[in-house]
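The opening residue of the sequence shown carries number 75 in our numbering; numbering runs sequentially from there.
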Amino acid sequence: MMRWWLVVGAVNAFLSVAAGAFGAHALKARLPQDLLVIFETGARYHMYHALALVAVGLLGAVRPSALLSSAGWAMLAGIVLFSGSLYALALSGVRVLGAITPLGGLGFLAGWVLFAMAAWRATP
């Protein structure tokens with residue numbers, strides 16, 4: 075299962091770089107500045123948590139645990155809900171999509187708490 079998190083982390087890092095490049099090059103002239111900032115925030119948090127998923131996989135290779143897998147799932151849900159809602163909001167201009175973003179933030183927070191618990195239990 076931990077190999078899964080390494081792959082999912084790497085794929086999400088790729089997607090984050092692609093989103094960032096898309097925002098910087100294709101959207102810069104097409105979106106108003108406020109929506110471009112929203113898109114960039116989604117890409118930035120996407121990358122942070124892609125790297126966190128890689129960390130889940132690396133720690134899991136040494137000390138696999140259900141807590142660690144739960145941390146990965148929470149962070150992945152955070153990416154989909156937080157970054158996904160910001161991407162959708164920026165591209166569509168539908169501001170109500172911002173109501174989903176805090177749910178993704180809760181996923182990120184839960185993921186970090188679970189990661190900390192798993193790390194605490196994994197170290198002697």
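Don't be surprised by glycine CBs; every beta carbon is placed ideally from N, CA and C.
The Cβ neighbour count for W194, taken over all protein chains shown within 10 Å, is under 16; the residue is labelled exposed.
Assignment of T197 by DSSP, reduced to helix, strand and coil, places it in the coil class. By the criterion of a C-beta distance shorter than 6 Å, A164 is surrounded in its chain by L109, I112, F113, once the five residues flanking it on both sides are discounted. Here G152 is near F182, since their CB atoms are less than 9 Å apart.
Around the C-beta of T197, fewer than 16 other C-beta atoms lie within 10 Å, and the residue is accordingly described as exposed.
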